[in-house]
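Numbering (my numbering), first residue to last: 297 to 354.
Notes to accompany the following structure.
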Amino acid sequence: MDRDRSEGSMKNTKGRVKEGLGKALGDSKMETEGKMDKAEGHIQNTVGGIKDSLRKST
Numbered sequence: 297m298d299r300d301r302s303e304g305s306m307k308n309t310k311g312r313v314k315e316g317l318g319k320a321l322g323d324s325k326m327e328t329e330g331k332m333d334k335a336e337g338h339i340q341n342t343v344g345g346i347k348d349s350l351r352k353s354t
C-alpha cells in the first residue's frame, strides 16, 4: 500500500471530524476547513491508488 493512500485516508477522516465539529459548534470556518481536508485526503488517496496500480502492472 502506498504511503499516499494511508495519509490520504487519515486526512479524509480528520476532515470528517473537523467538519462534524464545525457543524455541531456552528463554526463555519472549521466546517469549511474540514471539507477542504476531506477533499485533499480524497485526492491524495486516489493518487496513492494510481501509484499502487502502476506498481502492480509493471
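No residue lacks a Cβ here, since even glycine has one placed at the ideal position from N, Cα and C.
Note that the structure is predicted; figures quoted are calculated from it, not measured.
(request) Out of T342, V313 and M306, state which residue places its alpha-carbon closest to the alpha-carbon of T328. (result) The shortest Cα separation from T328 among T342, V313 and M306 belongs to V313.
(request) Look at the alpha carbon of R351 and the alpha carbon of H338, and state the distance between them as a whole number of angstroms. (result) Looking at the two C-alpha atoms, the distance is approximately 20 Å.
(request) Would you give the residue range spanned by the alpha helix (DSSP H) that T354 belongs to? (result) Run containing T354: none; DSSP gives neither H nor E here.
(request) Can you tell me which of the three DSSP states D323 falls into? (result) Annotated three-state conformation of D323 is coil, per DSSP.
(message) In this structure, how does DSSP classify M306 when only helix, strand and coil are distinguished?
(response) Helix, per DSSP.
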